[in-house]
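Student: Pasting a structure here, questions to come.
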Amino acid sequence: MNPLFGSSAIARRVVTAAAWVCYVFLLVPSLIVVPISFGNAGQIEFPPREFSLALYRQFFTDPAWWGSMVQSLFVAVTTTALALLLAVPAAYALARSNLPGRGLLRGLFMMPMLVPVIVLGLGLYLQFSDWGLLDTTLGVVLAHVMLTTPYIMISVMSGLQHSDVALETVASIMGASRRTIFFRVVLPQLGPSIAVGALFAFLMSLDEVVVAYFLTGTDSMTLPVKMYSSIRWELTPVLAAVSTLLTVLSLLIALGIIALQRKTEAQS
Amino acid sequence: MTFLSASAAPASANPVSVVPTVAPAASAMVELRAVTKRYGQFEALHRIDLSIAKGEFVTLLGPSGSGKTTLLNLIAGMIMPSSGQIVIDGRDATGLPTNQRGLGMVFQNYALMPHMTVFENIAFPLQVRGLARSEIKRKVTDVLDLIQLGHVAGRRPRELSGGQQQRVSLARCIVYNPALILMDEPLGALDKKLREQMQLEIKRLHAELGITMLYVTHDQDEALTMSDRIVLMNGGRIEQEGPPDTLYFKPETVFSAEFIGSSNLIPGEVEAVENGTVTLRTALGRFPVPAPDRPVRAGEPAVLLVRPENMVLTDRPGPTGVTGRIEDSILLGGVVRHFLRCADGTTVIVQELNQPGRAGARRDDTVRAAWSVEHGRLLPPPPAR
Chain A
1 MNPLFGSSAI ARRVVTAAAW VCYVFLLVPS LIVVPISFGN AGQIEFPPRE FSLALYRQFF
61 TDPAWWGSMV QSLFVAVTTT ALALLLAVPA AYALARSNLP GRGLLRGLFM MPMLVPVIVL
121 GLGLYLQFSD WGLLDTTLGV VLAHVMLTTP YIMISVMSGL QHSDVALETV ASIMGASRRT
181 IFFRVVLPQL GPSIAVGALF AFLMSLDEVV VAYFLTGTDS MTLPVKMYSS IRWELTPVLA
241 AVSTLLTVLS LLIALGIIAL QRKTEAQS
Chain B
1 MTFLSASAAP ASANPVSVVP TVAPAASAMV ELRAVTKRYG QFEALHRIDL SIAKGEFVTL
61 LGPSGSGKTT LLNLIAGMIM PSSGQIVIDG RDATGLPTNQ RGLGMVFQNY ALMPHMTVFE
121 NIAFPLQVRG LARSEIKRKV TDVLDLIQLG HVAGRRPREL SGGQQQRVSL ARCIVYNPAL
181 ILMDEPLGAL DKKLREQMQL EIKRLHAELG ITMLYVTHDQ DEALTMSDRI VLMNGGRIEQ
241 EGPPDTLYFK PETVFSAEFI GSSNLIPGEV EAVENGTVTL RTALGRFPVP APDRPVRAGE
301 PAVLLVRPEN MVLTDRPGPT GVTGRIEDSI LLGGVVRHFL RCADGTTVIV QELNQPGRAG
361 ARRDDTVRAA WSVEHGRLLP PPPAR
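The structure is reproduced here in structure tokens:
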């Protein structure tokens with residue numbers, strides 16, 4: 001018997017330690033920007049020699065930076081709203097109707113998840129240049145709607161699987177129209193699934209860089225694209241502040257998703 | 001048990017009861033005309049003709065797969081018949097969508113909206129009908145009083161017990177006075193005692209409000225307890241229909257006899273028919289049986305039915321009786337059931353009233369089980385399958 005794994009208690013400790021090493025390996029590169037972001041405005045250094053909020057001040061006073069932040073938030077919110085309008089009814093229709101060609105439709109909706117993003121970016125670039133949608137907010141939003149719709153649909157369809165079809169049947173027997181059933185019986189039960197899907201969509205749109213890099217220009221640049229070009233052309237320490245802000249925002253949203261998923265599980 | 005008390009408000013003072021509790025009108029509330037439902041090659045229902053009168057309580061009884069739930073779903077409009085016609089309240093409803101049929105339904109799993117309170121659940125069908133807010137409040141309050149659940153109006157369904165949830169689900173139907181309430185094994189999820197309470201509760205509401213009800217169950221006791229009429233289904237056809245006592249005392253087929261109550265079935269061959277009496281030759285002997293309504297000829301196969309409670313253990317000789325050894329006796333409270341093994345291996349069940357101090361027959365005794373001639377019933381042989 002291997003002495004190292006002789007007792008299950010020791011084995012468990014070893015596995016736990018290994019897991020922590022992995023966590024640290026994954027997390028440190030993201031977290032190292034946090035102390036840097038509180039450093040001096042002059043250069044990127046770790047550990048920072050003095051503590052200041054200068055980099056944050058710089059971020060919020062430079063219109064090129066906070067402008068792209070506002071643009072990103074606008075794109076993310078609009079994307080989420082449009083994707084919800086598309087994905088929720090589509091998920092309901094796919095889950096509950098016996099529409100002919102249902103499998104094909106489902107496959108089409110899920111396609112953007114499977115196609116490599118770089119291919120999608122190139123395809124959209126060529127198509128949107130024909131339609132005059134390059135370097136427009138509408139263009140990025142449309143592309144992001146396409147990317148995020150399948151995620152909302154998956155979340156909503158799993159929510160629909162947990163909700164009892166008999167509730168819709170009984171509502172119909174009681175005289176409710178399809179519209180009433182959708183809004184008063186189905187939607188209220190899907191609340192948490194829709195919220196989870198929406199948060200995912202928001203987060204994806206907020207830090208999506210590949211497709212946005214293809215489609216945006218100076219007029220419509222989102223924050224991740226701005227960060228990417230800044231790394232390439234100027235490498236300013238403001239990047240650390242931006243990264244920290246984005247990390248915190250993502251963390252909050254992820255926690256929100258977890259909380260919502262717990263709530264749904266508790267209900268079912 | 002308080003909700004079963006007779007002190008509930010009289011029907012006349014009850015604003016929910018829109019249908020007066022008079023004798024059911026002669027007109028039919030629901031009529032099925034030659035309704036057939038096919039799934040590919042499989043025929044789930046074969047030319048069903050069924051009429052349910054206003055205010056009647058009809059039970060669809062049958063084993064699983066007999067077509068009773070299919071029939072219910074056809075009436076509800078969840079599936080469409082392959083052929084035939086469905087008339088609801090004098091209107092052809094064959095192609096009518098579910099939400100325009102004016103029905104109510106109670107499911108086994110209650111199907112209450114989890115995101116609504118009890119009050120909101122019951123108010124839902126009224127809101128769908130566009131009633132004024134004040135009227136909704138009045139009606140819901142009244143119906144909550146009727147089922148004596150006013151104190152839980154603000155709770156969510158999952159905070160209630162199974163029995164309470166089923167009463168809410170019933171109230172949600174009663175409140176809008178549908179033409180017909182369909183019930184799909186509504187008490188299947190409840191334990192025995194609660195089930196019996198709910199059976200009486202449903203019967204009381206039916207009697208007070210004069211609602212037409214179509215009740216689906218596979219539980220023969222439930223069907224016998226509750227129904228005005230039982231429709232016994234078998235293999236997509238109506239095997240027999242009639243009031244509970246007719247189905248119990250005058251089954252037409254071996255299937256009916258076996259499905260409702262317990263029965264001793266002794267197969268044989270008709271030897272002679274004379275003066276309203278058939279002589280049946282069986283492996284256990286020759287027995288006289290009252291001639292059935294249908295014509296019977298000598299030489300044809302037939303089955304003799306004797307209910308266990310119509311058999312007695314006796315020493316006196318008579319024309320009808322079998323001899324056997326008691327293999328087992330089981331006590332069922334008020335009655336005791338003996339299982340007799342006859343010479344040819346047939347088991348005969350004898351049921352006697354259980355009286356204290358009675359010196360009963362004991363295991364391994366060889367006894368004679370007899371019945372009066374008029375308690376025997378001659379049935380056609382079961383169809384070969």
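Chains A and B supply the protein sequences, listed in that same order. At position 47 of the first sequence (counting the first as 1) the number is 47 in the UniProt record's numbering, and the numbers step up by one without a gap. At position 368 of the second sequence (counting the first as 1) the number is 368 in the UniProt record's numbering, and the numbers step up by one without a gap. Where a beta carbon is used, it is the ideal one built from N, C-alpha and C, also for glycine.
Which value, in whole angstroms, describes the spacing of the CA atoms of T282(B) and V168(B)?
Tutor: Distance between the alpha carbons of T282(B) and V168(B) is about 54 Å.
Student: Report back the beta-carbon spacing between P301(B) and E269(B) to the nearest angstrom; my notes put them in contact at under 8 Å.
Tutor: Confirmed, Cβ separation roughly 6 Å.
Student: Of the residues L72(B), A298(B), S64(B), which one's Cα is nearest the Cα of Q220(B)?
Tutor: With distances taken between Cα atoms, Q220(B) lies closest to S64(B).
Student: Measure from the C-beta of L103(B) to each C-beta in chain A and report whether the shortest distance is under 7 Å.
Tutor: Chain A contact via Cβ: present.
Student: In whole angstroms, give me the CA-to-CA distance for T346(B) and A95(A).
Tutor: Whole-angstrom Cα-Cα distance: 55 Å.
Student: Give the C-beta separation of A83(A) and I152(A) to the nearest angstrom, bearing in mind that I take them to be a contact with Cβ-Cβ under 8 Å.
Tutor: Their Cβ separation, rounded to whole angstroms, is 6 Å, which keeps A83(A) and I152(A) in contact under 8 Å.
Student: May I have the straight-line CA-CA distance separating D184(B) from H46(B), to the nearest angstrom?
Tutor: Cα-Cα distance, rounded: 21 Å.
Student: Considering only residues of the same chain and omitting the five flanking positions on each side of E374(B), which have a CB-CB separation below 8 Å?
Tutor: P290.
Student: How about V170(A): is its C-beta nearer than 7 Å to some C-beta of chain B?
Tutor: At least one chain B Cβ lies under 7 Å of V170(A).
Student: Indicate whether at least one CB of chain B lies closer than 7 Å to the CB of M1(A).
Tutor: Because the pLDDT of M1(A) is 47, which lies under 50, any placement of that residue in the model is unreliable, and the question is left without a value.
Student: Give the interface partners of T98(B) over in chain A, defined as CB-CB distance under 8 Å, in chain order.
Tutor: Those within 8 Å of T98(B) in chain A are T169, S172, I173.
Student: Consult DSSP for A17(A) and reduce its assignment to one of helix, strand or coil.
Tutor: DSSP places A17(A) in helix when its eight states are reduced to three.
Student: Can you list, in chain order, the stretches of the beta strand (DSSP E) that have 3 or more residues and sit fully within the segment 206-231 of chain A?
Tutor: The qualifying runs do not exist here; there are none.
Student: Work out the CA separation of E208(A) and L31(A) for me, nearest whole Å.
Tutor: Answer to the nearest angstrom: the Cα atoms are 20 Å apart.
Student: Taking its Cβ as the centre, do 16 or more other Cβ atoms sit within 10 Å of V58(B), making it buried, or is it exposed?
Tutor: It counts as buried.
Student: Should Q261(A) be flagged as near chain B, meaning a C-beta pair shorter than 7 Å?
Tutor: Chain B, which has no Cβ nearer than 7 Å to the Cβ of Q261(A), makes this no.
Student: Determine which residues of the segment 115-129 of chain B have a Cβ less than 7 Å from any Cβ of chain A, and write them out in chain order.
Tutor: So the close ones are H115, F124, P125, V128, R129.
Student: Whole angstroms are fine: how far does the CA of G188(B) sit from the CA of L214(B)?
Tutor: Straight-line Cα distance between these residues: approximately 16 Å.
Student: Who does A53(B) pair with in a DSSP beta bridge?
Tutor: Per DSSP, A28(B).
Student: In this structure, does DSSP put R184(A) in helix, strand or coil?
Tutor: R184(A): helix per DSSP, three-state reduction.
Student: Out of R155(B), Q108(B), R138(B), V140(B), which has the shortest C-alpha to C-alpha gap to D191(B)?
Tutor: Checked all of R155(B), Q108(B), R138(B), V140(B); the closest Cα to D191(B) is Q108(B).
Student: Do you know whose CA, among F255(B), L205(B), P244(B), E222(B), lies nearest N234(B)'s CA?
Tutor: For the residues F255(B), L205(B), P244(B), E222(B), the minimum Cα distance to N234(B) belongs to F255(B).
Student: Alpha helix (DSSP H) containing I211(B): first to last residue?
Tutor: Counting along the chain, I211(B) falls outside any alpha helix (DSSP H), and DSSP gives it neither H nor E.
Student: Which ranges does the alpha helix (DSSP H) cover as unbroken runs of at least 4 residues, wholly within the segment 93-163 of chain A, from first to last along the chain?
Tutor: List check, alpha helix (DSSP H) in window: 102-114, 117-131, 137-162.
Student: Check this for me: beta carbons of T117(B) and G154(B), under 7 Å apart or not?
Tutor: Contact: yes.
Student: Between the segment 183-215 of chain A and chain B, which residues of the former have CB atoms less than 9 Å from a CB of the latter, in chain order?
Tutor: So the close ones are R184, V185, P188, Q189, G191.
Student: Between which two residues does the beta strand (DSSP E) carrying Q43(A) extend?
Tutor: Per DSSP, Q43(A) belongs to no beta strand (DSSP E) and is neither H nor E.
Student: Run through DSSP, which three-state label would K250(B) get?
Tutor: Residue state, collapsed to three classes: coil.
Student: Check whether chain B comes within 7 Å of A143(A), counting only Cβ atoms and requiring the distance to be less than that.
Tutor: Cβ-Cβ to chain B under 7 Å: no for A143(A).
Student: Name, going along the chain, the residues of the segment 204-219 of chain B whose beta-carbon falls closer than 9 Å to a beta-carbon of chain A.
Tutor: Cβ contacts with chain A: none found.
Student: Taking the beta carbon of K37(B) as the centre, do at least 16 other beta carbons fall within 10 Å, making it buried, or is it exposed?
Tutor: Looking at its Cβ environment, which holds 16 or more other Cβ atoms inside 10 Å, K37(B) is buried.
Student: Please return the same chain residues whose Cβ sits closer than 6 Å to the Cβ of D228(B), not counting the five positions on each side in sequence.
Tutor: Once the five neighbours on either side are set aside, the close Cβ partners of D228(B) are E56, F57.
Student: Output yes or no for whether 7 Å exceeds the beta carbon distance between S205(A) and T79(A).
Tutor: Cβ distance < 7 Å, so S205(A) and T79(A) count as in contact.
Student: Could you work out which residue in G276(B), G285(B), F287(B), R307(B) is closest to D293(B) when comparing CA atoms only?
Tutor: Of the listed residues, the one whose Cα sits closest to D293(B) is G276(B).
Student: Residues of chain B with CB closer than 9 Å to the CB of T61(A), please, in chain order.
Tutor: Result: empty, since nearest Cβ-Cβ is about 47 Å, beyond 9 Å.
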